[in-house]
Amino acid sequence: MKTDIEIAQEAKMEPIKDVAAKLSINEDELEFYGKYKAKLGDELWERIKDRPNGKLVLVTAINPTPAGEGKTTITVGLGQALNYIGKKAVIALREPSLGPCFGIKGGAAGGGYAQVVPMEDLNLHFTGDFHAITSANNLLAAMLDNHIHQGNTLGIDPKQVVWKRCVDMNDRALRNIVVGLGSKMDGVVREDHFVISVASEIMAILCLAEDMQDLKVRLGKIIVAYNYKGEPVTAADLKAVGAMAALLKDAIKPNMIQTLEHTPAIVHGGPFANIAHGCNSVRATRMALKMADIVVTEAGFGADLGAEKFFDIKCRMSGLKPDAVVLVATVRALKYNGGVAKADLGQENVEALKKGIVNLEKHIENLHKYHVPVIVTLNAFVSDTPAELEFVQKFCEEKGASFALARVWEDGGRGGEALARKVVDTLETKESHFTPLYPDDLSLREKIETVAREIYGAAAVTYSPAAAKALDRIESMGFSNMPVCMAKTQYSLSDNANLLGRPEGFTVNIREVYVSAGAGFVVAITGAIMTMPGLPKVPAAEGIDVDESGRITGLF
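Counted the way our numbering counts, the sequence shown spans residues 121 to 676.
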């Protein structure tokens with residue numbers, strides 16, 4: 121059986137100008153990064169911005185398990201399948217982070233015969249967007265420490281610096297560090313921290329900004345520290361906005377590549393959904409909606425994280441309104457939730473399926489709370505049995521969700537025909553009455569507790585003394601109307617990764633709260649979630665290599 125990278129490397133790609141031409145994009149509206157990658161210029165947006173929008177379909181999933189769900193694979197495969205049945209469809213995805221590529225998760229280009237290519241470029245440096253974000257983040261950090269060193273006219277309290285440095289790599293040793301050691305000329309000694317680049321507020325800002333002007337306004341609002349009076353100090357106060365924007369001038373432009381079947385794919389931005397808002401850029405989604413009849417996008421991890429943030433943060437801020445949701449599951453993952461060991465998932469076990477399907481049930485219920493039509497799709501495996509498939513289909517339909525089986529991993533767009541036709545039928549026959557979960561005027565605690573209770577199924581929420589104090593401070597600063605961005609483990613509906621299925625009666629513990637004033641949301645960190653991941657005992661990096669011809673192996 122061929123690996124994903126072998127399939128991708130054997131693919132015959134079309135020049136990106138030819139892929140773009142399918143959407144009537146002129147060559148002079150593209151900024152080329154070689155033959156197969158391009159950024160979409162501002163001229164294109166000016167030409168198409170007044171067109172009516174196509175239909176927006178969100179792909180989300182149950183909580184991830186070691187058995188795998190294949191959410192990106194389904195997203196790519198559905199886009200290919202829609203084109204296969206004659207629809208004009210575009211895919212809108214996030215860019216992968218280097219951290220998971222070299223860690224444990226692998227890349228984010230899809231899988232099998234439902235991939236975006238060039239796969240190696242996408243999973244590694246791509247068009248440099250993440251490097252630009254990292255540079256802008258660390259420029260701000262450098263200017264902050266320099267200001268303190270050069271006399272500190274803003275009266276910044278070194279013990280109340282909240283801006284963190286970042287790097288797009290899993291590196292646990294950088295979570296807590298000390299800077300400024302050495303001589304007096306080496307800066308002021310203070311505790312500092314790193315986050316992974318996808319958790320940087322600048323990543324969120326880039327993904328939510330409407331244009332360069334909006335980007336600069338948002339960058340200026342970033343709170344980097346507090347002064348000795350307890351007042352916030354911003355990036356604008358440090359006069360850092362212009363230089364940061366200059367570093368981001370190309371990164372703000374969406375990227376276009378293609379699928380294995382030459383379906384256009386707009387790939388831009390990449391915040392994680394377990395520690396950030398988990399959606400591709402608003403600019404990319406809006407641009408796609410002006411050029412296609414149907415846009416297929418995805419949000420990170422399970423629906424309790426990515427879909428919730430897509431609805432309550434991205435759609436709230438942008439005015440986007442999804443027309444349907446595709447919820448991805450696998451028989452294997454549902455059996456894993458039912459207590460079956462990973463080694464035994466290939467054996468038929470309807471009883472375990474009955475126990476584990478409660479996880480899927482909760483996600484269906486949650487998505488219905490947003491008043492959007494739901495289609496459940498099973499990412500098919502050869503080990504799935506007719507009895508298992510029949511049970512899942514009947515269960516979903518009894519819960520008010522449509523159902524379709526997808527075989528896109530093995531058959532590409534042709535294998536997603538049933539799902540594509542189900543999506544089209546849903547778009548044509550069912551109306552979306554999208555409504556966010558909570559209104560703007562609730563208090564921050566009420567918003568946190570609404571998400572914990574309604575989406576996670578929690579019985580209660582507790583706050584650390586530091587989190588409670590931070591909430592009071594943030595509300596006193598006038599940020600109570602912002603949505604909340606919950607940082608939580610992706611592996612469970614709860615904040616405890618070990619609680620599988622549909623846990624009940626649990627308490628969500630809020631460890632830390634801070635405001636991302638530029639992004640426009642308040643982050644609540646739950647349980648033991650980390651904003652700087654670590655590498656596993658055997659990182660994927662150990663198996664990655666490149667030969668003398670430049671051919672990469674081991675990337676998946």
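A virtual CB, placed ideally from N, CA and C, is assigned to each residue, including glycine.
For residue i, the three-state DSSP class (helix, strand or coil)
i	result
Lys336	helix
Ile430	Per the sequence shown, the amino acid found at residue 430 is Phe instead of Ile. In the structure shown, Phe430 sits in a helix (DSSP, three-state: H, G or I).
Gln129	helix
Ser596	helix
Ser636	strand
Arg285	strand
Ser612	coil
Asn499	strand
Arg622	coil
Ala472	helix
Met121	coil
Glu517	helix
Asn146	coil
Glu551	coil
Tyr204	helix
Ala138	It is Asp, not Ala, that sits at residue 138 in the sequence shown. Correct three-state label for Asp138: helix.
Thr651	coil
Val658	coil
Tyr576	helix
Phe511	helix
Thr505	coil
Residue environment, residue i, which counts as buried when at least 16 other CB atoms sit within 10 Å
i	result
Glu381	buried
Pro653	buried
Thr358	Strictly speaking, residue 358 in this sequence is Leu, with Thr absent from that position. Leu358 is buried by the Cβ-count criterion.
Lys567	buried
Ala648	exposed
Lys608	buried
Gln610	buried
Ser303	exposed
Lys169	exposed
Ile297	exposed
Gly154	exposed
Asp592	exposed
Gly674	exposed
Glu215	buried
Arg292	exposed
Glu551	exposed
Lys349	exposed
Glu418	buried
Gln200	buried
Asn457	buried
Val581	buried
Lys122	exposed
Val502	exposed
Pro391	buried
Of the listed residues the options, nearest to residue i (C-alpha basis)
i	options	result
Asp312	Ile325, Met305 and Leu264	Leu264
Leu242	Ala356, Gln129 and Glu517	Gln129
Ala579	Thr549, Asn601 and Asn629	Asn629
Thr247	Val236, Leu487 and Ala158	Ala158
Met411	Thr185, Ile125, Thr123 and Leu160	Leu160
Gly598	Gly640, Val387, Asn469 and Gln333	Gly640
Ala500	Glu428, His488 and Trp529	Trp529
Lys373	Lys349, Glu189, Glu481 and Arg406	Arg406
Ala219	Ile672, Pro656 and Val666	Rather than Ala, the amino acid found at residue 219 in this sequence is Gly. Nearest C-alpha to Gly219: Pro656.
Asp249	Asp370, Leu409 and Ala538	Asp370
Gln475	Ala355, Ala453 and Val496	Residue identity check: residue 475 is Lys in the sequence provided, not Gln. Comparing Cα-Cα distances from Lys475 to each of Ala355, Ala453 and Val496, the minimum goes to Ala453.
Arg310	Glu428, Val281, Glu151 and Ala396	Val281
Asn375	Leu368, Ile386 and Ala365	Ile386
Glu149	Pro135, Glu134 and Trp165	Trp165
Ala366	Leu562, Met332, Lys434 and Val344	Met332
Gly613	Gln467, Pro603 and Gly625	Sequence check: residue 613 is Leu here, not Gly. Checked all of Gln467, Pro603 and Gly625; the closest Cα to Leu613 is Gly625.
Pro384	Gly223, Val415 and Ala396	Val415
Asp162	Val633, Ala404 and Val492	Ala404
Cys605	Thr627, Gly621, Arg565 and Asn618	Arg565
Met305	Met650, Arg622, Leu447 and Asn266	Asn266
Phe523	Leu547, Leu259 and Val494	Val494
Enumerated in chain order, which unbroken segments of the beta strand (DSSP E) with a length of 3 residues or greater are wholly contained in the region 156-202? 158-160 and 175-181
Answer yes if the region 265-276 comes into contact with the region 196-207, meaning at least three C-beta pairs across the two stretches below 8 Å, and no otherwise. no
Can at least three beta-carbon pairs, one atom from the region 504-517 and one from the region 169-188, be found at a separation below 8 Å? no
Cβ contact check for the region 535-544 and the region 166-174: 3 or more pairs under 8 Å: no
Which parts of the region 287-357 are runs of the alpha helix (DSSP H), unbroken and 4 residues or longer, counting only runs that do not cross its ends? 321-328 and 332-341
How about the region 390-401 and the region 318-327: do they share at least three Cβ pairs that are nearer than 8 Å? yes
Specify whether the region 184-203 and the region 413-433 touch according to this definition: at least 3 beta carbon pairs, one from each stretch, less than 8 Å apart. yes
Complete beta strand (DSSP E) runs within the region 369-416 (minimum length 3 residues, chain order): Here the runs fully enclosed are 375-379 and 384-387.
Minimum length 3: unbroken beta strand (DSSP E) runs contained in the region 239-290: 276-281 and 285-287
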